[in-house]
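Taking this note's numbering, I'd label the letters of the sequence shown as residues 60 to 485.
A virtual CB, placed ideally from N, CA and C, is assigned to each residue, including glycine.
Note that the coordinates shown come from a computational prediction; the quantities given were computed from them, not determined experimentally.
Down below is the structure, laid out as structure tokens.
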Amino acid sequence: MIQRPRGTRDFGPAEMAGRRAVEQAMRNTCHRFGFGEVVTPTFEQAELFTLRSGEEIVDEMYVFRDKGNREIALRPEITASVIRFFVNEMSTMPKPLKLYYVGNCFRYENPQSGRYREFFQLGAELIGNDNPETDAEVISLAVECMRSTGLHNFDVRIGHIGILKSLITEEIEDGAIAGNVLRMIDKEDFDAVGQTLEANGISGSLLESITAIAGTKGGVDVLESIEETEAHEHLRELFEILKLYGIDDCQLDLGIVRGLDYYSGMVFEIDAPKLGAEKQVLGGGSYTLSELFGGEPVFSTGFAIGIDRVMLALEAEKEAPEYAPMDVFVVPTEDAMRKYAFAIVSKIRARGLRADVDLMRRNMSKSLKYASSKGARLAVIVGKDEMAKRSVTLRDMKSGEQTLVPADLVAEELEKALENQSSEQS
Ligand code: HAM
């Protein structure tokens with residue numbers, strides 16, 4: 060037997076129905092915020108990602124040479140592609156541009172629960188500015204997307220990479236060492252930061268400043284506990300606007316570094332605490348990439364949600380949507396009735412209801428058993444005596460109650476019965 064590659068998954072119909080429902084809820088939210096969907100290629104020139112994504116992502120990239128000897132990468136994320144698309148074709152459009160996307164990404168990581176080599180993101184990019192109001196709009200969209208999935212338990216943390224970046228680049232001239240130090244802070248490995256600074260003859264007081272900034276966590280007021288920077292006013296205004304958007308439970312966390320190198324301003328993350336090690340369901344922030352790709356310098360702010368992790372978090376909260384592939388099952392009582400059953404199922408489908416018919420030539424009781432295993436709420440029984448009177452029997456699969464209805468009106472009657480069932484349930 061051929062197995063699927065490590066770190067990839069197959070999704071069956073029940074799981075896909077749940078994933079699509081969650082994805083659709085988030086798509087609707089993007090539309091409500093005025094974001095339009097874009098689709099970019101699954102593979103790009105590798106350079107698109109090596110230019111600025113950072114060592115960590117580049118190490119994990121699937122890269123290969125195509126038949127024309129071009130270096131190609133499977134996308135490890137979608138932000139760089141969206142900005143390339145913007146620079147290529149959309150740079151003259153009125154700003155801000157509000158774009159969102161859903162797609163698969165590839166990273167050669169060590170697979171475990173919540174960490175895969177192929178995973179799925181829904182993300183959004185607002186291209187146009189880096190002011191507090193654009194940051195607030197993007198964070199607000201992110202929070203509303205999370206709320207729309209039905210997830211109750213998630214924490215929003217907001218920071219500003221500019222504070223740590225300017226401190227570190229002021230004190231460490233070598234860009235490679237500065238980058239390493241930032242990655243160590245991201246992993247909260249301050250011992251390694253200390254050792255690196257010492258090994259490179261950099262003053263120990265830098266470590267103190269780094270730990271003070273990275274440890275600045277709590278309500279927005281904790282900003283007062285560190286020396287005033289350019290980012291302070293930005294963050295205060297941002298928290299103020301978020302409050303107006305009805306989001307008042309975000310935490311400030313100046314220790315957020317992010318795994319990708321392109322961020323320059325506000326950064327934020329959302330965690331689902333029930334998930335344990337891989338609890339980060341969303342990451343984002345503000346950055347400039349357009350200039351690097353040959354365009355005008357334009358600030359953007361965006362985020363991406365890990366759909367796989369959202370599904371795990373919903374499961375942990377027992378909020379995963381239930382799946383029933385059909386509403387109505389049509390059962391002929393004998394072989395001679397099959398031709399009527401096909402005509403009837405076709406009429407029901409044309410009405411927009413989800414309907415199925417026996418294809419296995421089963422007898423009636425086995426057919427009804429199959430229908431209930433598929434979650435059908437109603438069955439239509441097509442029998443000889445009833446058809447002689449141009450009628451069929453509607454059976455409520457839960458109560459077993461049966462009613463005779465005219466065959467011509469079966470679709471309308473089913474619709475009414477399904478509506479009645481739904482209103483009784485709610
Ligand atoms: P990221 O933090 O690398 O950011 O990924 C975003 C989310 O994708 C993560 O929070 C996580 O939920 C999910 N994710 C990442 N790697 C994996 C994996 N191996 N398996 C399962 N889920 C994973 C970005 O990708 C940026 N492009 C976000 C962004 C958009 N920043 C600005 N605009």
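Own chain, CB closer than 8 Å to residue i, minus 5 neighbours either side, in chain order
i      : result
Ile407 : Val387, Val389, Ala414, Val439, Val469, Ala470, Leu473
Ser112 : Pro135, Glu136, Ala139, Leu319, Asp320, Tyr321
Gly162 : Val98, Thr99, Thr101, Arg134, Ile137, Phe179, Gln180
Lys86  : The sequence given here has Arg at residue 86, not Lys. Answer for Arg86: Glu96, Tyr159, Val161, Leu181, listed in chain order.
Glu103 : Ile131, Ala132, Arg134, Ala139, Ser140, Arg143
Environment of residue i [buried if 16+ CB atoms lie within 10 Å]
i      : result
Ser262 : exposed
Ser140 : buried
Phe493 : No statement about residue 493 is possible, as the shown extent of the chain runs from 60 to 485 and does not include it.
Pro135 : buried
Ile61  : exposed
Ala402 : exposed
Gly234 : exposed
Asp307 : exposed
Asp194 : buried
His90  : exposed
Three-way DSSP call (helix, strand, coil) for residue i in this model
i      : result
Arg408 : helix
Arg78  : helix
Lys302 : helix
Asn188 : coil
Val357 : coil
Met120 : coil
Asn479 : helix
Pro100 : coil
Asn169 : coil
His219 : strand
Gly238 : helix
Ser150 : coil
Asp394 : helix
Met205 : helix
Cys309 : coil
Distance cut-off 7 Å: residue i Cβ against heavy atoms of the ligand HAM
i      : result
Glu82  : no
Glu96  : no
Val357 : no
Ala383 : no
Phe70  : no
Tyr346 : yes
Asp214 : no
Glu367 : Checking the sequence shown, residue 367 turns out to be Asp, not Glu. True, at least one ligand heavy atom lies under 7 Å from that Cβ.
Glu136 : yes
Glu184 : yes
Phe362 : yes
Gly434 : no
Arg166 : yes
Leu158 : no
Arg174 : yes
Gln104 : no
Gln171 : no
Val146 : no
Gly318 : yes
Leu341 : yes
Close Cβ partners of residue i (< 6 Å) along its chain, the five nearest in sequence each way excluded
i      : result
Val416 : Val389, Ala400, Val404
Thr462 : Leu453
Asp214 : Asp330
Phe92  : Leu200
Gly66  : Pro170, Tyr175, Arg176
Pro380 : Gly77, Ala80
Gly442 : Thr392
Residue i vs residue j beta-carbon contact at 8 Å
i      : j      : result
Ser199 : Leu301 : yes
Leu181 : Glu196 : no
Met370 : Gly434 : no
Gly314 : Lys338 : no
Glu115 : Arg216 : no
Gln480 : Arg436 : yes
Lys425 : Glu376 : no
Ile349 : Pro356 : Inspection of the sequence shows that residue 349 is occupied by Ser rather than by Ile. Contact: yes.
Ile269 : Val281 : no
Phe108 : Gly218 : no
Gly361 : Val340 : no
Leu158 : Phe94  : yes
Ala105 : Ala73  : no
Asp248 : Arg317 : no
Contact set for residue i: own chain, Cβ-Cβ below 7 Å, skip 5 residues either direction
i      : result
Leu427 : Val390, Ala438
Ala84  : Ser207, Thr208
Val464 : Ser450, Val451, Leu453, Glu472
Arg410 : Ala470, Glu474
Leu351 : Leu110, Arg111
C-beta neighbour in chain C for residue i, strict 8 Å
i      : result
Leu223 : Protein chains in the displayed structure number just one, and chain C is not present.
heavy atom of the ligand FMN below 7 Å from residue i C-beta
i      : result
Phe178 : Judged by which ligands are present, the ligand FMN is missing from the structure shown, whose ligands are the ligand HAM.
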